[in-house]
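Trainee: Structure in structure tokens, see below.
Residue numbers (our numbering), protein chains in the order written: chain A, 1 to 277; chain B, 278 to 559.
So, in structure tokens, the structure goes:
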């Protein structure tokens with residue numbers, strides 16, 4: 001474990017924002033057997049310090065796989081992934097992740113879920129308490145600190161998971177379709193909140209989604225991935241104002257860019273469907 | 278079997294995954310009706326037993342009236358033999374059960390986590406689980422003594438297998454997401470064991486314990502019957518030898534009560550430990 005993780009300075013950032021460099025990464029599922037499936041093929045991507053980057057592509061294009069590789073959850077088979085802290089070999093608290101299905105600890109209350117990461121990150125008791133309260137409040141779960149995940153709705157569970165991840169102040173925030181299970185209204189609110197949190201904390205965010213509008217709304221840059229095997233087809237800069245609220249949905253540039261990206265994604269989606277037959 | 282026992286509460290809870298407020302209290306809850314009906318059935322059977330024996334429908338030697346049996350328990354209670362026998366039986370059953378659980382739970386976890394441990398234990402558990410464990414009693418008597426040690430080891434041996442099987446099954450099918458979460462927060466492999474695997478597998482481990490506990494009770498009674506001496510089983514076999522049917526039934530009634538109390542206590546422990554689980558909010 002890194003030294004910074006064991007002794008974080010109080011009330012300051014435990015981990016500085018970090019760039020991510022992905023070079024020539026390929027990944028095959030079931031590589032040891034004859035019927036191995038190539039999920040990622042020669043991925044090259046550099047994500048800058050404090051950038052909000054979206055990985056966009058049809059289902060099964062390997063975008064989650066790429067995220068898990070960055071997270072260190074599955075070992076890199078070919079190529080190299082590194083952050084400012086060095087090559088990625090295992091999961092670590094400098095890269096926190098929010099999963100699609102929340103992955104809260106069901107036997108812990110909301111507060112204990114948040115405290116778990118803080119304890120592991122080495123915050124002292126008073127700080128743990130204070131940070132837990134702050135982040136639970138940020139995701140509007142005050143009053144539900146002592147509820148167990150099974151007592152909460154999907155949206156509330158996801159907010160708890162986000163609070164848990166943000167509380168440890170990771171330099172890199174990995175998000176795997178975190179709003180996929182939410183209803184449209186909650187989703188919109190969460191997107192706006194995430195954008196605000198990101199703007200205030202300047203973390204590097206890698207956000208996986210298959211929702212074009214979500215990607216354009218959130219990202220600085222979008223990587224459009226091809227259908228299996230996953231390759232990065234296009235990298236698109238999102239030149240929209242930093243301040244993005246509800247009104248941006250009617251912005252002409254926003255609409256134009258969304259349509260452009262939608263056409264690019266659609267090609268891949270069509271290819272994916274053809275490939276399946 | 279264990280999976281079925283576990284799936285039942287989960288399936289029931291699935292109908293209402295989101296329950297924000299407790300149900301408003303009604304004067305008569307369905308649960309109270311359930312309990313009332315169950316008590317009535319037991320009372321009716323006890324009544325049939327009592328009056329059937331009393332009015333000659335049943336031979337009072339073969340089936341002495343319940344009141345006579347209860348009277349005997351009362352006499353023995355005052356004489357001091359019931360507390361000694363019940364206490365001994367309970368001591369042997371619970372000690373054996375605890376030993377079986379303390380060895381069985383870590384073994385099950387290690388089997389699920391380590392191929393080496395699994396290779397060694399898997400054939401042993403596969404053979405041992407369906408085997409009638411009591412067959413080992415003569416050997417245990419030879420190896421250990423004819424007093425408490427061999428009885429407790431016999432009970433521990435019989436409790437070990439259901440605990441190991443359930444724990445191993447519970448730990449092998451763990452959801453990977455909470456494990457990944459913990460690892461991303463910096464949990465080490467050794468910490469994962471206590472902090473993630475054990476609580477996650479807890480529902481199935483408890484199911485294993487709930488299978489093991491009655492098994493342990495049965496083994497205790499049978500062991501006592503076969504080996505004689507003090508204890509409820511020993512007292513019953515003595516009563517049987519002297520054709521004292523009242524004494525035998527007194528033993529049966531004591532075992533019923535003891536078993537009920539012990540099994541219910543474990544259910545309460547389960548509810549306490551799984552307060553977070555949807556099954557606890559039915």
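Think of the CB as a built atom: it goes at the ideal place given N, C-alpha and C, for glycine as much as any other residue.
Please state if the CB of residue 45 of chain A and the CB of residue 27 of chain A are separated by a distance shorter than 9 Å.
Mentor: By 1-based counting over the first chain, the position of residue 27 of chain A is 27. By 1-based counting over the first chain, the position of residue 45 of chain A is 45. No; because the gap between Cβ atoms is not below 9 Å, this pair is not in contact.
Trainee: Would you report the Cα separation of residue 522 of chain B and residue 529 of chain B, rounded to the nearest angstrom?
Mentor: Here residue 522 of chain B is taken as the residue at index 245 of the second chain, counted from 1. Here residue 529 of chain B is taken as the residue at index 252 of the second chain, counted from 1. Using only the alpha carbons, I get a separation of about 11 Å.
Trainee: Would you report the Cα separation of residue 161 of chain A and residue 102 of chain A, rounded to the nearest angstrom?
Mentor: Position 161 of the first chain, counting from 1, holds the residue named residue 161 of chain A. Position 102 of the first chain, counting from 1, holds the residue named residue 102 of chain A. Between residue 161 of chain A and residue 102 of chain A, the C-alpha separation is close to 6 Å.
Trainee: Need the endpoints of the beta strand (DSSP E) that residue 207 of chain A sits in, please.
Mentor: To locate residue 207 of chain A, count along the first chain from 1; it is residue 207. Residue 207 of chain A -> beta strand (DSSP E) spans 204-209.
Trainee: For residue 268 of chain A, collect the residues of the same chain with a Cβ closer than 8 Å to its Cβ; drop the 5 residues on either side in sequence, then sort them by chain order.
Mentor: Here residue 268 of chain A is taken as the residue at index 268 of the first chain, counted from 1. Closer than 8 Å at the Cβ level, and outside the excluded window around residue 268 of chain A, lie 57, 58, 61, 224, 225, 226, 227, 233.
Trainee: What are the residues of the stretch 434-466 of chain B that lie near chain A, defined by any Cβ-Cβ distance shorter than 7 Å?
Mentor: Going along the stretch 434-466 of chain B in chain order, one finds 454, 455, 457, 458, 460, 461, 462, 463, 464 with a Cβ nearer than 7 Å to chain A.
Trainee: Per DSSP, which residues does residue 52 of chain A bridge with? Please list them.
Mentor: Your numbering for residue 52 of chain A matches position 52 in the first chain. DSSP lists A:205 as partners of residue 52 of chain A.
Trainee: Quick one: any contact between the stretch 413-432 of chain B and the stretch 497-506 of chain B, if contact means 3 or more CB pairs under 8 Å?
Mentor: Result yes; three or more Cβ-Cβ pairs closer than 8 Å.
Trainee: Mind listing which residues of the stretch 114-130 of chain A have their C-beta closer than 8 Å to chain B's C-betas, in chain order?
Mentor: Listed by position along the chain: 116, 117, 120, 121.
Trainee: Let me confirm a value: residue 117 of chain A is counted as buried when at least 16 other C-beta atoms fall within 10 Å, else exposed. Which label applies?
Mentor: Along the first chain, read from residue 1 onward, the residue named residue 117 of chain A stands at position 117. Under this definition residue 117 of chain A is a buried residue.
Trainee: Does DSSP put residue 88 of chain A in a helix, a strand or coil?
Mentor: Taking the first chain and counting its residues from 1, the one referred to as residue 88 of chain A is at position 88. Of the three classes helix, strand and coil, the one that applies to residue 88 of chain A here is coil, per DSSP.
Trainee: Do you know how far the Cα of residue 548 of chain B is from the Cα of residue 540 of chain B?
Mentor: Working through the second chain from its first residue, we reach residue 540 of chain B at position 263. Working through the second chain from its first residue, we reach residue 548 of chain B at position 271. Between residue 540 of chain B and residue 548 of chain B, the C-alpha separation is close to 13 Å.
Trainee: Starting from residue 78 of chain A, trace the beta strand (DSSP E) in both directions and tell me its first and last residue.
Mentor: Numbered from its first residue, the first chain carries residue 78 of chain A at position 78. That run of the beta strand (DSSP E) goes 78-83.
Trainee: In angstroms with no decimal places, state the Cα-to-Cα distance between residue 35 of chain A and residue 230 of chain A.
Mentor: In the first chain, counting from the first residue as 1, residue 35 of chain A sits at position 35. In the first chain, counting from the first residue as 1, residue 230 of chain A sits at position 230. Rounded to whole angstroms, residue 35 of chain A to residue 230 of chain A spans 17 Å at the Cα level.
Trainee: When you compare the CB of residue 95 of chain A with every CB in chain B, is at least one pair closer than 9 Å?
Mentor: In the first chain, the residue the question calls residue 95 of chain A occupies position 95. Closer than 9 Å: yes.
Trainee: Spatial neighbours of residue 451 of chain B within its chain, please: C-beta separation below 6 Å, excluding the five flanking residues on both sides.
Mentor: The residue given as residue 451 of chain B occupies position 174 in the second chain. Around residue 451 of chain B: 477.
Trainee: Please report whether the beta-carbon of residue 168 of chain A lies at a distance below 9 Å from any beta-carbon of chain B.
Mentor: Mapped onto the first chain, residue 168 of chain A falls at position 168. True, the Cβ-Cβ gap to chain B drops below 9 Å.
Trainee: Kindly give me the distance between the Cβ atoms of residue 440 of chain B and residue 485 of chain B, rounded to whole angstroms, as I take these residues to be in contact under 8 Å.
Mentor: As a position in the second chain, residue 440 of chain B is number 163, starting the count at 1. As a position in the second chain, residue 485 of chain B is number 208, starting the count at 1. Confirmed, about 5 Å.
Trainee: Which residues in the same chain have their Cβ closer than 8 Å to the Cβ of residue 339 of chain B, if we skip the five residues on either side of it in sequence?
Mentor: The residue labelled residue 339 of chain B in the question sits at position 62 within the second chain. Cβ within range, chain order: 522.
Trainee: Just by C-beta distance, which residues in the stretch 139-152 of chain A are closer than 9 Å to chain B?
Mentor: Listed in sequence order: 147, 148, 149, 150, 151, 152.
Trainee: Any contact of the stretch 375-394 of chain B with the stretch 531-545 of chain B, i.e. 3+ C-beta pairs under 8 Å?
Mentor: Contact between the stretch 375-394 of chain B and the stretch 531-545 of chain B is absent, because fewer than three Cβ pairs lie under 8 Å.
Trainee: Output the distance between the C-alpha atoms of residue 141 of chain A and residue 64 of chain A, rounded to the nearest integer angstrom.
Mentor: Locating residue 141 of chain A in the first chain gives position 141, counting from the first residue. Locating residue 64 of chain A in the first chain gives position 64, counting from the first residue. Rounded to whole angstroms, residue 141 of chain A to residue 64 of chain A spans 28 Å at the Cα level.
Trainee: Considering only residues of the stretch 138-180 of chain A, which uninterrupted beta strand (DSSP E) runs meet the minimum length of 3 residues and lie entirely inside it, listed in chain order?
Mentor: List check, beta strand (DSSP E) in window: 172-176.
Trainee: On the DSSP letters alone, give me the boundaries of the beta strand (DSSP E) that residue 101 of chain A sits inside.
Mentor: Here the question's residue 101 of chain A lines up with position 101 in the first chain. Here residue 101 of chain A belongs to no beta strand (DSSP E), and DSSP marks it neither H nor E.
Trainee: Secondary structure at residue 238 of chain A, three-state DSSP: helix, strand or coil?
Mentor: The sequence position of residue 238 of chain A within the first chain is 238, counting from 1. It is coil, neither helix nor strand.
Trainee: Can you find at least 3 beta carbon pairs, one from the stretch 350-359 of chain B and one from the stretch 420-434 of chain B, that sit closer than 8 Å?
Mentor: The stretch 350-359 of chain B vs the stretch 420-434 of chain B: no contact.
Trainee: Is the stretch 448-464 of chain B close to the stretch 511-526 of chain B, with three or more CB pairs under 8 Å?
Mentor: No: the two stretches stay apart, fewer than three of their Cβ pairs being nearer than 8 Å.
Trainee: Is it the case that the Cβ atoms of residue 279 of chain A and residue 98 of chain A are separated by a distance below 9 Å?
Mentor: Shown here, chain A extends from 1 to 277; a query on residue 279 of chain A therefore has no answer.
Trainee: Does the structure place the stretch 369-383 of chain B close enough to the stretch 431-450 of chain B that three or more beta carbon pairs sit under 8 Å?
Mentor: Taking 8 Å as the limit for Cβ pairs, the verdict is that the stretch 369-383 of chain B does touch the stretch 431-450 of chain B.
Trainee: If you measure from the beta carbon of residue 101 of chain A to each beta carbon in chain B, is any gap under 9 Å?
Mentor: As a working note, residue 101 of chain A is residue 101 in the first chain. Closer than 9 Å to some Cβ of chain B, the Cβ of residue 101 of chain A qualifies, so yes.
Trainee: Compute the distance between the beta-carbons of residue 371 of chain B and residue 479 of chain B, then report whether it is under 9 Å.
Mentor: Against the second chain, residue 371 of chain B aligns to sequence position 94. Against the second chain, residue 479 of chain B aligns to sequence position 202. Cβ distance not < 9 Å, so residue 371 of chain B and residue 479 of chain B don't count as in contact.
Trainee: For the stretch 112-126 of chain A and the stretch 163-178 of chain A, state whether three or more C-beta atom pairs, one from each stretch, are separated by less than 8 Å.
Mentor: Touching, per the Cβ criterion.
Trainee: Which same chain residues end up closer than 7 Å to residue 346 of chain B when comparing Cβ atoms and leaving out the 5 residues on each side of it in sequence?
Mentor: Translated into positions along the second chain, residue 346 of chain B becomes position 69. Cβ neighbours of residue 346 of chain B beyond the five flanking positions: 523, 526, 527, 530.
Trainee: Can you say whether residue 77 of chain A is buried or exposed, counting buried as having 16 or more other CB atoms within 10 angstroms of its CB?
Mentor: Position 77 of the first chain, counted from the start, is the residue given in the question as residue 77 of chain A. When all chains shown are included, residue 77 of chain A counts as exposed.
Trainee: Just how far apart, CA to CA, sit residue 408 of chain B and residue 431 of chain B?
Mentor: Here the question's residue 408 of chain B lines up with position 131 in the second chain. Here the question's residue 431 of chain B lines up with position 154 in the second chain. Distance between the alpha carbons of residue 408 of chain B and residue 431 of chain B: 13 Å.
Trainee: So who's on the other strand from residue 260 of chain A, going by DSSP bridges?
Mentor: Numbered from 1 along the first chain, position 260 holds the residue referred to as residue 260 of chain A. Bridge partners of residue 260 of chain A: none, in fact.
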